[in-house]
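The structure appears below as structure tokens.
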Amino acid sequence: MTDLDPAKRAVVFAYHNVGVRCLKVLLAGGVDVALVVTHEDSADENIWFESVISLCRAEGIPYITPADARAPELLRQVSDARPDLMFSFYYRHMLPADLLAVAPAYNMHGSLLPEFRGRAPVNWAVLHGASVTGASLHEMTVKPDAGAIVSQMEVPILPDDTAFEVFGKVTVAAEQALWRVLPSLLAGTAPRLHNDLSKGGYFGGRKPEDGRIDWSRPAQQVYNLHRAVAPPYPGAFTEVGGVRYVIQRARLPGQGNLVALSLPQGLAVLDGAIVGVCGDGRMLTIAALSADGAPVTAAQLQAHLEGARA
């Protein structure tokens, strides 16, 4: 890709691992990144991902961290950069119409559009038990994730994959999807595939409280919830006797895993191991459980369960 026109200028809105990897693709492709718009890390968030700011500092790329994507000052700064193209790689704010009008803009979304449009697409895909997902580069419009698709890359979701593991695959897929289409994108010959909005659907952001377990649900649904929010996300949790227990690691054994004993739904200790009994009589085997950030042993859980029932 060394023969790409180095005069092509871009403004890049980027954050997270996808932001870092896709920004590196643009640099490797000879794109002149005139400005990066990113976020300051929040002290209230578990920052387990790579830093776009660190990459900008290492590469000498100007960057800004505006609090409001609709601020007139941001529009002026982006316009002054005179971009030929704009890219959004996991930037967390919606870009308004006047900003999108500055130059053709492309967004990298973490699903196979039109599936799982909106927020937290990897987490939602795992929660819904999808067996495949990927990354989609698409034209940006005011309506989110609605523009024509220019490149996609597919990855599998294995039965025991957590959202964190799937996100790693999607990050590589995003890098590959951008690398593959970048020459034609800069040449103005990139494909434009229909993004059929009659399929799939929009999903909102997720909060830690959304990880609350309903043990009356079938075991596969409970397991999917665990996989979707397992660390480094906040985790699936349940409360017993005023204590919030968070599942750190769990597995769902095969279909023959039925509860022969009259165990109540929820956390239990069986043969010295922690399990989670679900509404269809199947159990999750829980390898690691915590409360208030500290590991909980089977003996500690058993003592608490007996005390809560007393």
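Note that UniProt numbering gives residue 266 to position 266 of the sequence shown, counting from 1, and the numbers run on in steps of one.
We put the beta carbon where it would ideally sit given N, CA and C, even for glycine.
Quantities reported herein were computed from a predicted structural model and do not represent experimental measurements.
Integer Cβ distance of residue i from residue j, believed to fall under 8 Å
i	j	result
V126	V166	6 Å
F203	Y91	Their Cβ separation, rounded to whole angstroms, is 18 Å, which puts F203 and Y91 out of contact at 8 Å.
L284	V275	6 Å
Y63	V36	4 Å
A236	G211	5 Å
M140	L100	6 Å
Boundaries of the alpha helix (DSSP H) in which residue i is found, first to last residue
i	result
S54	52 to 59
T171	163 to 187
L193	Careful: L193 lies outside any alpha helix (DSSP H) and carries neither H nor E.
E73	72 to 80
E306	298 to 309
Q221	219 to 229
Euclidean distance between Cα positions of residue i and residue j
i	j	result
N107	V150	10 Å
K102	D84	Before going further, note that residue 102 is Val rather than Lys in the sequence given. Distance between the alpha carbons of V102 and D84: 9 Å.
D80	E40	22 Å
H109	P253	33 Å
R119	R206	8 Å
Y15	S262	49 Å
D5	A163	Its pLDDT being 48, under 50, D5 is placed unreliably by the model, and the measurement read from it follows with that caveat. In a straight line, the C-alpha of D5 is about 37 Å away from that of A163.
H194	D280	41 Å
R155	A298	Residue identity differs from the one stated: residue 155 is Val in this sequence, not Arg. Computed Cα separation, rounded: 37 Å.
T38	L55	11 Å
residue 311	Y245	Past the edges of the chain, shown from 1 to 310, lies residue 311, and the structure says nothing about it.
P72	P159	47 Å
Selected residue, minimal CA-CA separation from residue i, among the options
i	options	result
residue 312	E59, D98, P83	Lying outside 1 to 310, the shown extent of the chain, residue 312 is not represented and no answer is given.
I286	R244, D280, Y223, Y233	Y223
P191	P234, S88, A177	A177
S136	T171, P159, L95, E50	T171
N46	V277, P234, L267, L301	P234
G129	A34, W48, R227	R227
R70	M94, Q300, A58, M86	M94
G29	L185, E209, A173	L185
Residue span of the beta strand (DSSP E) that contains residue i, given as start and end
i	result
R9	9 to 14
To test your reading of the DSSP string, which unbroken beta strand (DSSP E) runs of 3 or more residues are found completely within the stretch 245 to 280?
266 to 270, 273 to 277
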